[in-house]
Each structure stands twice: as C-alpha cells, then as structure tokens.
Amino acid sequence: MSTPKMNLDSFFKITERGSSVRQEILAGLTTFLAMVYSVIVVPTMLSAAGFDAGATFVATCLVAAFGSLVMGLWVNLPLAIGCAISLTAFTAFSLVLGQNVPVPVALGAVFLMGVIFTLISVTGVRTWILNNMPFGIAHGTGIGIGLFLLLIAANGTGLIVKNAGAGLPVALGDITSFPVLMTMLGLAAILGLEKRKVPGGILMVIIVLSVLGLIFDENVKYQGLFALPSLATANGESLIFSMDVKGALSAAVLPSVLALVMTAIFDATGTIRAIAGQANLLDKNGNIINGGKALTADSMSSAFSGLVGGAPAAVYIESAAGTAAGGKTGLTASVVGCLFLLTIFLSPLSYLVPVYATAPALMYVGLLMLSNVSKLDFDDFVDAMSGLICAVFIILSGNIVTGIMLGFVSLVIGRLFSGEVKKLNVGTVVICIVLVVFYLGGWAI
Numbered sequence: 046m047s048t049p050k051m052n053l054d055s056f057f058k059i060t061e062r063g064s065s066v067r068q069e070i071l072a073g074l075t076t077f078l079a080m081v082y083s084v085i086v087v088p089t090m091l092s093a094a095g096f097d098a099g100a101t102f103v104a105t106c107l108v109a110a111f112g113s114l115v116m117g118l119w120v121n122l123p124l125a126i127g128c129a130i131s132l133t134a135f136t137a138f139s140l141v142l143g144q145n146v147p148v149p150v151a152l153g154a155v156f157l158m159g160v161i162f163t164l165i166s167v168t169g170v171r172t173w174i175l176n177n178m179p180f181g182i183a184h185g186t187g188i189g190i191g192l193f194l195l196l197i198a199a200n201g202t203g204l205i206v207k208n209a210g211a212g213l214p215v216a217l218g219d220i221t222s223f224p225v226l227m228t229m230l231g232l233a234a235i236l237g238l239e240k241r242k243v244p245g246g247i248l249m250v251i252i253v254l255s256v257l258g259l260i261f262d263e264n265v266k267y268q269g270l271f272a273l274p275s276l277a278t279a280n281g282e283s284l285i286f287s288m289d290v291k292g293a294l295s296a297a298v299l300p301s302v303l304a305l306v307m308t309a310i311f312d313a314t315g316t317i318r319a320i321a322g323q324a325n326l327l328d329k330n331g332n333i334i335n336g337g338k339a340l341t342a343d344s345m346s347s348a349f350s351g352l353v354g355g356a357p358a359a360v361y362i363e364s365a366a367g368t369a370a371g372g373k374t375g376l377t378a379s380v381v382g383c384l385f386l387l388t389i390f391l392s393p394l395s396y397l398v399p400v401y402a403t404a405p406a407l408m409y410v411g412l413l414m415l416s417n418v419s420k421l422d423f424d425d426f427v428d429a430m431s432g433l434i435c436a437v438f439i440i441l442s443g444n445i446v447t448g449i450m451l452g453f454v455s456l457v458i459g460r461l462f463s464g465e466v467k468k469l470n471v472g473t474v475v476i477c478i479v480l481v482v483f484y485l486g487g488w489a490i
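Remember, the working numbering sits 45 above the position in the sequence shown when you count from 1.
Structure, rendered in structure tokens:
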C-alpha cells in the first residue's frame, strides 16, 4: 500500500522535479506570507469605491484559494493566483469612481473580462503570443519584473519614497526607521542563509521579522485569532452572483472590459513566463511546462472573481518568493490555496505580517531575477538591447505591459534599420502592431 507521502510525490512529480514534500510546503508558506497583504489591500481599494469591505475580504480569499488550487492540482506549477492589485485599482478608481459604473456592472465587467480572457487562452491565442515573444524580450520581462519587485518592496517599507521636490521622481527615505532597518537586516540574513542553503531560510526570516514587529513596532498588534466571515453586504445582500453582465456589454463599459483583457494578456503572460523561467520550469524547447493549462487557470480565476464579487485575478509576482524557496510543483500552489481558505476564518492573523517582514524576500527574488541579464545573447545585438529596453521601461513606467510594448517596437524597428528583416516573424510584427494600436488608442491601463 502506498503512503500519503508517496501519493503526493507521484501526483505532483515532486522527486522527478528535484524537490521534496517538506520543501514544497515551506515554499507554499513563503509565497502565502509574501502575498497575504492582498487580503487587506484589495478590500481597502474596493471598499473606497463602494464595495462592501467584509464581503470583498471573503471574495479576495476565495479567488486566491480557487486560482491557486486550480494551478496546483490541475496545472502542477508553483504559481499562486490572487486579485491583481493593478487591475483592482483600475476597477475601483477608474471604472466605478471614475466612470460612475455601479458595482454590479463592474462585477459584470470583471466576469466578462474573465470569460473573454479564458476563450483567448483556451483557443491557444495566449500560447501563440508566448511562443512569439522574442528571446530577448522574454528574458527582459524577467529582468524588468525583478527591478519592479525591488522598487515595490523598497517603496512599501519607506526605503525609497516619492520625491516631492525637484529632481528625479524617487528619493531615499528615512534609513534609520524601524521598517527600513528590519528590511535591510532581513535581506542580508536571507543572503547568508541562502548561501549556506539553509532549508526554509526565507520563511524563517519572514517569521522572525514578524515577531520582532510584534514586540517593538506599535503598529503591529495582535487583534485576535478567529473571525467569522460574512458573505453579505451591510444591507444584507450578497455580492456573489450579483454581477450585471448585460450592463457591462454597454457601449460605455465595453471598452474598459477590452482594456482589462489586453492588459491581463500581456501582464499575466509575461509574469508567468518570467517566474517559470526563473524556476527552470521549462521543457527542452524552452516552453513553460503545462503552459497552456497555466494560462487557462489564470484567466478562469478572473471569471470566478466576477462570480463571487472580487477583482480581476492574475498570477502573483510574489510567487517568485516561493520558487526561490525551492517550490517546483503544484503542491506549493496548493498549500497557498488551502492557507487562503483558512484565512477566511483567521483574518486577524493577516495583520501580524508587516510589510517589512516580506519585503526582504521580494527584494531577494528581484535580485535573483536580474540574473536574466546573463541569458541575453549580445551577439544578437538588437534582440538583447530590445530586451533591456523592455526591462528598463517596466520599472520606469511602473507597468509590465508598457515595457513589453516598447521592447517589441524597439525590436521591430531595430531589425528594419539593421537590415535584419529576415529575422522577424509574422507573429512578432502582429503583436507589435496590436500593442501600438492599444496604446495609441488610449486604452492602456
């Protein structure tokens, strides 16, 4: 008779991918702690637009649980899914507050976006885009996301702040503040522990910094253990199945739906490719293992989000924290999904993980992803430089899709001027034209 451990091993191909059950569980915990902030940030943004905070908290947990479990059990990749912060901001501040779209119509837009997104994934369009992403831009996306993670983490802890005066847009924050000191201490500790190959080193740092925050930071307070979730809004109605799809099909809202779809296609696809590449989860042809399924799981989660009253979903960049901790299979994502289900009942505990506890992990992952520079082929100068343009403008614009668009434009025009037109394929040119039209039309988020 096979043991549960053996069943897990064979189901998730753990040994085959060079991992262990313990390593996968630790990686899942690491990813969860790195992205659990979303259950606070997403409901806060949506509630500012009139969504019920309690109901959206439950919806955010359900979306993360559904998406991550599908990614883990069906796709068998260590990629966690949750409500995307950027698309949440667009839904709340542009769609609802900016265009005065009612909440049910906004949820209808999220659902419709998810359905269209899924059709594009199932029919192979996203896989086609992935396969037509030039070598340099594929690696440039990884470099750019690494830089993006560094900036997000540094800004979140106050190490880097917005410059209110003249000069560059960013400036150094208060390096003597407790969050900044903890962040840099944690980053240095992770470097040392990873050098010594200490199992669960990243997770250990997150836990220790959280404990130090509870002891020395007055902003980190124990607020209890259990809290009963509410699926209903303050007036007794539920956001589940409250979407208005017919309203989302109106001429006023449909362009926003298409903007969500286009942004998600390139943002999420680029993120999946970057994280899978960083974790060496590619087949012999350089394609993502179970890539088609991964793209479909990602898009299905947005449709599910519209059903339960959440924001558009996507693979979280923070999944890279788990892959850096050794996650190589779907068990990592499954652990994340189960933990988000528990979070529905343990919501007070989410406040015990301050931003500076997870920031070092994200910064470490960002630094690791910069190693993609070594994968660029500088013998193909135009391709390599287009990849770097993609990377740099992801961070300068704060937008993954913008970086990808500028990378494609640079590659196509660069090939023309260098006399290397024969190196261009039809797919690359088509994607470039679509991205340029998307931006010139003013639909970019």
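Note that the Cβ used here is the ideal one computed from N, Cα and C, for glycine as well.
None of these values were measured; they are calculated from a predicted model.
Please report how far the alpha carbon of residue i lies from the alpha carbon of residue j, in whole angstroms.
| i | j | result |
| --- | --- | --- |
| residue 76 | residue 459 | 39 Å |
| residue 518 | residue 447 | In the structure as shown, the chain starts at 46 and stops at 490, and residue 518 therefore has no counterpart that could be examined. |
| residue 346 | residue 355 | 10 Å |
| residue 432 | residue 449 | 9 Å |
| residue 366 | residue 122 | 14 Å |
| residue 490 | residue 52 | 44 Å |
| residue 54 | residue 290 | 42 Å |
| residue 89 | residue 466 | 49 Å |
| residue 246 | residue 115 | 27 Å |
| residue 370 | residue 322 | 15 Å |
| residue 46 | residue 235 | Summary for residue 46: the model assigns pLDDT 49, below 50, so the residue's position carries little reliability; its value from the coordinates is reported in the next sentence. Those two C-alpha atoms are separated by around 40 Å. |
| residue 161 | residue 262 | 45 Å |
| residue 358 | residue 303 | 15 Å |
| residue 275 | residue 287 | 15 Å |
| residue 159 | residue 73 | 26 Å |
| residue 134 | residue 476 | 26 Å |
| residue 348 | residue 94 | 20 Å |
| residue 218 | residue 212 | 15 Å |
| residue 136 | residue 91 | 8 Å |
| residue 474 | residue 451 | 13 Å |
| residue 329 | residue 338 | 18 Å |
| residue 394 | residue 230 | 23 Å |
| residue 415 | residue 191 | 6 Å |
| residue 251 | residue 277 | 34 Å |
| residue 131 | residue 238 | 32 Å |
| residue 445 | residue 314 | 10 Å |
Using a 10 Å radius around the Cβ and a threshold of 16 neighbouring Cβ atoms, would you call residue i buried or exposed?
| i | result |
| --- | --- |
| residue 406 | buried |
| residue 242 | exposed |
| residue 60 | exposed |
| residue 68 | buried |
| residue 478 | exposed |
| residue 427 | buried |
| residue 164 | exposed |
| residue 215 | exposed |
| residue 379 | buried |
| residue 335 | buried |
| residue 220 | exposed |
For residue i, which option in the options has the closest C-alpha, if you only look at C-alpha atoms?
| i | options | result |
| --- | --- | --- |
| residue 301 | 139, 383, 288, 259 | 139 |
| residue 341 | 317, 327, 388, 294 | 317 |
| residue 327 | 197, 473, 175, 165 | 175 |
| residue 188 | 419, 476, 480, 428 | 419 |
| residue 117 | 102, 376, 348 | 376 |
| residue 333 | 173, 267, 56, 236 | 173 |
| residue 311 | 272, 323, 191, 178 | 178 |
| residue 83 | 440, 476, 360 | 360 |
| residue 63 | 373, 307, 231 | 373 |
| residue 184 | 471, 445, 436, 475 | 436 |
| residue 343 | 87, 171, 220 | 171 |
| residue 424 | 207, 180, 198, 153 | 180 |
| residue 272 | 392, 475, 457, 134 | 392 |
| residue 410 | 193, 130, 468 | 193 |
| residue 146 | 414, 210, 96, 362 | 96 |
| residue 182 | 368, 430, 335 | 430 |
| residue 149 | 352, 240, 229 | 352 |
| residue 472 | 197, 487, 486, 456 | 456 |
| residue 253 | 335, 402, 307 | 402 |
Every unbroken alpha helix (DSSP H) inside the region 239 to 278 [4 residues or more]: 246 to 261
Would you call the region 381 to 398 and the region 105 to 116 in contact, with 3 or more CB pairs under 8 Å? yes
In chain order, which alpha helix (DSSP H) runs of at least 4 residues are fully inside the region 79 to 109? 83 to 93
Every unbroken beta strand (DSSP E) within the region 344 to 405, with a cutoff of 3 residues, ordered by chain: 358 to 360
Does the region 124 to 142 come within contact of the region 482 to 489, defined as at least 3 CB pairs closer than 8 Å? no
The region 224 to 235 touching the region 195 to 212, judged by at least three CB pairs closer than 8 Å: yes
Give, in chain order, every unbroken run of the alpha helix (DSSP H) that is at least 4 residues long and sits entirely within the region 116 to 156. 130 to 134
Evaluate the contact criterion for the region 273 to 286 versus the region 92 to 109: three or more CB pairs, one atom per stretch, below 8 Å. yes
Would you be able to state if there are at least three C-beta pairs under 8 Å between the region 397 to 404 and the region 253 to 268? yes
May I have a chain-ordered list of the alpha helix (DSSP H) segments no shorter than 4 residues that lie completely inside the region 442 to 473? 445 to 463
Where in the region 170 to 208 do unbroken runs of the beta strand (DSSP E), each at least 3 residues long, occur, reported from the N-terminal end onward? 205 to 207
Complete runs of the alpha helix (DSSP H) confined to the region 213 to 242 [at least 4 residues]: 223 to 240
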